Every structure is written in structure tokens, then in C-alpha cells.
Amino acid sequence: MVGVETKKHTVEDYYLFMSKLGDFFEYADGEIFSKYGDKPLPADVIDYVLSADFDTKDFTFPIPMPTRKHQLIASNALFGIRTNLKANAKKFFVYGDGTKVLIADKGTYRVPDLAVTQKDTEVFDEKD
Numbered sequence: 816m817v818g819v820e821t822k823k824h825t826v827e828d829y830y831l832f833m834s835k836l837g838d839f840f841e842y843a844d845g846e847i848f849s850k851y852g853d854k855p856l857p858a859d860v861i862d863y864v865l866s867a868d869f870d871t872k873d874f875t876f877p878i879p880m881p882t883r884k885h886q887l888i889a890s891n892a893l894f895g896i897r898t899n900l901k902a903n904a905k906k907f908f909v910y911g912d913g914t915k916v917l918i919a920d921k922g923t924y925r926v927p928d929l930a931v932t933q934k935d936t937e938v939f940d941e942k943d
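Here the sequence shown is numbered in this note's numbering, starting from 816 and rising by one per residue.
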């Protein structure tokens with residue numbers, strides 16, 4: 816069976832894509848994923864969003880969203896971690912949904928449901 820070749824997109828494409836549709840997307844290996852999906856978005860959809868012809872009023876592509884169960888688990892986990900780190904509040908930041916995390920050695924951007932960082936080692940991307 817012949818594999819389907821996928822188009823690779825740049826980090827700049829990823830940021831432009833998010834500026835048009837919001838922060839519900841992740842970037843890995845040149846592909847853009849819905850945060851809640853397991854497959855990359857089709858290249859033709861990405862190209863349309865990146866084009867000058869794009870209009871959100873005409874955009875009907877279904878983008879997966881979190882389930883109620885997913886949101887309950889994520890919020891309970893965030894509360895539990897934040898509560899357990901309270902004694903170390905001066906050492907750690909706890910972030911909820913919407914925080915982009917760059918995995919620098921892979922050039923991958925993920926948007927986890929929660930993230931914990933050490934305050935003294937945290938680095939911010941100037942694009943955010």
C-alpha cells in the first residue's frame with residue numbers, strides 16, 4: 816500500500832492558523848492537530864485557513880472539542896495538583912488549559928490540559 820504524502824507546515828504557519836481560529840491546535844512534525852483530535856488536520860483545510868480567501872463565516876470543517884468527562888477529569892487533576900503543591904507555591908507555577916508548551920528539542924508545540932513548571936527554570940516564547 817502506498818502511503819499518502821502529507822504537506823509539512825512551518826511554525827509560522829501554525830501561529831497564523833491559530834491567529835485565525837484560536838488556540839485549540841497543536842503542532843508536531845510539520846503538522847497541525849486539533850488539541851482534542853488524534854489525526855493531523857487535512858492539508859487542504861490548513862491551506863484554506865492560511866489563504867487570503869479564508870472567511871470564518873464560510874468555515875464549516877468540524878473541529879473536535881473536549882467532552883464533559885474530559886473537562887471534569889482535567890479540572891479535578893488541576894485542583895488536586897495545585898492543592899498538593901501549595902506548600903511549594905514559591906517554587907512552581909500550575910497552568911490550566913490554553914498554555915502552549917514548546918518541546919524545544921522536537922520543535923513541537925502542545926497545549927496540555929495542565930502544566931507544572933519550576934518558577935526558576937520557566938522560559939516564555941516571545942510570540943505569546
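Backbone N, C-alpha and C fix where the C-beta goes; we use that ideal spot for every residue, glycine too.
Here the structure is a predicted model, which means the values were calculated and not measured.
Residue i, buried or exposed, once every other Cβ within 10 Å from all chains shown has been counted against 16
i           : result
residue 816 : Because the pLDDT of residue 816 is 45, which lies under 50, any placement of that residue in the model is unreliable, and the number read from its coordinates should be weighed accordingly. With fewer than 16 other Cβ atoms within 10 Å, it is exposed.
residue 885 : exposed
residue 876 : exposed
residue 894 : exposed
residue 915 : buried
Whole-angstrom distance between residue j and residue i, CA atom to CA atom
i           : j           : result
residue 870 : residue 902 : 48 Å
residue 832 : residue 919 : 20 Å
residue 930 : residue 825 : 24 Å
residue 917 : residue 873 : 31 Å
residue 845 : residue 922 : 9 Å
residue 865 : residue 924 : 18 Å
residue 883 : residue 858 : 29 Å
residue 861 : residue 843 : 14 Å
residue 897 : residue 827 : 33 Å
residue 904 : residue 892 : 17 Å
Below-8 Å beta-carbon distance, residue i vs any chain C residue
i           : result
residue 852 : The chain labelled as chain C is not found in the depicted structure, where only one protein chain is given.
Where residue i falls: helix, strand or coil (DSSP)
i           : result
residue 851 : coil
residue 917 : strand
residue 904 : coil
residue 938 : coil
residue 909 : strand
residue 843 : strand
residue 882 : coil
residue 826 : helix
Nonlocal neighbours in the same chain, by C-beta distance under 7 Å from residue i, ignoring five residues either side
i           : result
residue 850 : 839, 840, 841, 926
residue 906 : 933, 934
residue 847 : 824, 829, 832, 840, 855, 856, 861
Of the residues the options, the one placed nearest residue i, counting alpha carbons only
i           : options            : result
residue 889 : 855, 910, 830      : 910
residue 836 : 863, 899, 881      : 863
residue 856 : 829, 893, 873, 914 : 829
Own chain residues within Cβ distance below 6 Å of residue i, not counting five before or after
i           : result
residue 928 : 889, 912
residue 879 : 849, 851, 852
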